[in-house]
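Trainee: First residue of the sequence shown: 7, per the working numbering; consecutive thereafter.
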Amino acid sequence: MDDTSTNIDQSTLDELAQIAARYPQKRSALLPMLHLVQSVDGRISPAGLTACAEILEISEAQVSGVATFYTMYKRRPAGEHHVGVCTTALCAVMGGDLLLERAEQKLGIKENQTTPDGKISLERIECNAACDFAPVMMVNWEFMDNMTPAKTDDLLDKLAAGDEVHSTRGARITSWRQAERVLAGFPDGLADEGPTAAGASLAGLEIANERGWHAPDPNNLPEPAQSEGEKK
Numbered sequence: 007m008d009d010t011s012t013n014i015d016q017s018t019l020d021e022l023a024q025i026a027a028r029y030p031q032k033r034s035a036l037l038p039m040l041h042l043v044q045s046v047d048g049r050i051s052p053a054g055l056t057a058c059a060e061i062l063e064i065s066e067a068q069v070s071g072v073a074t075f076y077t078m079y080k081r082r083p084a085g086e087h088h089v090g091v092c093t094t095a096l097c098a099v100m101g102g103d104l105l106l107e108r109a110e111q112k113l114g115i116k117e118n119q120t121t122p123d124g125k126i127s128l129e130r131i132e133c134n135a136a137c138d139f140a141p142v143m144m145v146n147w148e149f150m151d152n153m154t155p156a157k158t159d160d161l162l163d164k165l166a167a168g169d170e171v172h173s174t175r176g177a178r179i180t181s182w183r184q185a186e187r188v189l190a191g192f193p194d195g196l197a198d199e200g201p202t203a204a205g206a207s208l209a210g211l212e213i214a215n216e217r218g219w220h221a222p223d224p225n226n227l228p229e230p231a232q233s234e235g236e237k238k
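Here it is as structure tokens:
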């Protein structure tokens with residue numbers, strides 16, 4: 007918070023106000039507004055915190071309380087690309103901790119740090135609801151599935167070199183700031199790019215289609231069976 011530098015200008019303030027106007031109670035706009043601040047300043051800057059408070063007519067303490075509660079909001083600048091490694095439950099069993107160690111060694115940093123050139127920041131993340139693709143990593147919140155140490159090295163090399171990288175299930179990787187702008191509610195036109203489901207996620211559906219299984223018709227459900235007591 008000692009760093010008071012900011013890239014927020016009038017256009018940013020106008021977009022923050024635009025977000026607030028989407029909601030019947032404008033304070034409900036705080037989460038996407040914070041994402042927009044990060045898209046501009048790379049973190050929740052003091053200027054961004056103040057701007058959100060003034061537009062929403064709430065205290066800076068209330069904004070700060072939200073910004074410090076959620077780990078997706080950063081108080082230190084994130085890298086051009088933000089890499090997350092899941093180490094929860096199944097991902098841990100499948101090698102998530104090893105992948106995090108590999109990323110730390112490869113980048114020369116620890117979790118919650120950014121490389122000196124500002125290219126890549128690293129985070130240990132909680133469950134991403136992608137257990138069928140464990141172990142999972144994320145780049146700018148896009149999925150990288152079924153990762154291995156070799157795949158991790160290749161991914162980090164490509165990100166550092168500025169090569170094109172595609173999510174396993176999602177769009178091509180842009181940058182963390184651009185992803186934050188999307189989360190603020192300003193689409194980048196890539197929402198329909200790449201597959202959204204694959205492999206293990208579709209296995210049950212494929213088996214159901216092969217065997218002609220389908221969900222019950224909610225308008226034609228059988229009567230529930232009665233117990234002996236109910237029959238009497």
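Don't be surprised by glycine CBs; every beta carbon is placed ideally from N, CA and C. Predicted, not measured: the structure shown is a model, and the values here were computed from it.
Give the DSSP-derived three-state secondary structure of L196 in the structure shown.
Mentor: The residue you call residue 196 lines up with position 190 of the sequence shown. L196: coil per DSSP, three-state reduction.
Trainee: So S127 is in the beta strand (DSSP E); what residue range does that whole segment cover?
Mentor: Taking the sequence shown and counting its residues from 1, one reaches residue 127 at position 121. I126 to I131 is the span of the beta strand (DSSP E), which, as asked, contains S127.
Trainee: Answer yes or no: do L113 and T121 have a C-beta to C-beta separation smaller than 7 Å?
Mentor: Position 107 of the sequence shown, counted from the first residue, corresponds to residue 113. Position 115 of the sequence shown, counted from the first residue, corresponds to residue 121. Yes, the pair counts as a contact, with Cβ atoms nearer than the cut-off.
Trainee: Looking at the strands, I want to know which residues DSSP matches up with F149.
Mentor: Counting from one through the sequence shown, the residue named residue 149 turns up at place 143. Beta-bridge pairing links F149 to M144.
Trainee: Tell me the rounded alpha-carbon separation between K116 and D194.
Mentor: Stepping through the sequence shown from its first residue, residue 116 is reached at position 110. Stepping through the sequence shown from its first residue, residue 194 is reached at position 188. For K116 and D194, the distance between alpha carbons rounds to 31 Å.
Trainee: For N146 versus H88, is the C-beta spacing smaller than 7 Å?
Mentor: As a first step, residue 146 is located in the sequence shown; it is residue number 140 there, counting from the start. As a first step, residue 88 is located in the sequence shown; it is residue number 82 there, counting from the start. For N146 and H88, yes; Cβs fall inside 7 Å.
Trainee: Considering only DSSP beta bridges, list what V91 is partnered with.
Mentor: The sequence position of residue 91 within the sequence shown is 85, counting from 1. V91 pairs with R130 and M143.
Trainee: What number of angstroms, rounded off, separates the C-alpha of G176 from the C-alpha of G210?
Mentor: Residue numbering aside, residue 176 sits at position 170 when the sequence shown is read from its first letter. Residue numbering aside, residue 210 sits at position 204 when the sequence shown is read from its first letter. If you take the alpha carbons of G176 and G210, they lie about 21 Å apart.
Trainee: Please say whether A206 and D138 have beta carbons closer to each other than 7 Å?
Mentor: Sequence index remark: in the sequence shown, residue 138 carries index 132 (1-based). Sequence index remark: in the sequence shown, residue 206 carries index 200 (1-based). Yes, the pair counts as a contact, with Cβ atoms nearer than the cut-off.
Trainee: Leaving out the 5 sequence neighbours to the left and right, which residues in its chain are closer than 7 Å to V36 when beta-carbon positions are compared?
Mentor: As a working mapping, residue 36 is identified with position 30 in the sequence shown. Note that residue 36 corresponds to Leu in the displayed sequence, not to Val. C58, L62, V69 and V72, listed in sequence order.
Trainee: So, with DSSP's three-state summary, where would you put H172?
Mentor: Position 166 of the sequence shown, counting from 1, holds the residue named residue 172. Of the three classes helix, strand and coil, the one that applies to H172 here is strand, per DSSP.
Trainee: What did DSSP end up calling R187 once you bin it into helix, strand or coil?
Mentor: Working through the sequence shown from its first residue, we reach residue 187 at position 181. In this structure, R187 counts as helix in the three-state DSSP scheme.
Trainee: Can you tell me where the alpha helix (DSSP H) with V81 in it begins and where it stops?
Mentor: Here residue 81 refers to the residue found at position 75 of the sequence shown. Note that residue 81 is Arg in the sequence shown here, rather than Val. Note, R81: premise wrong, no alpha helix (DSSP H); not H, not E.
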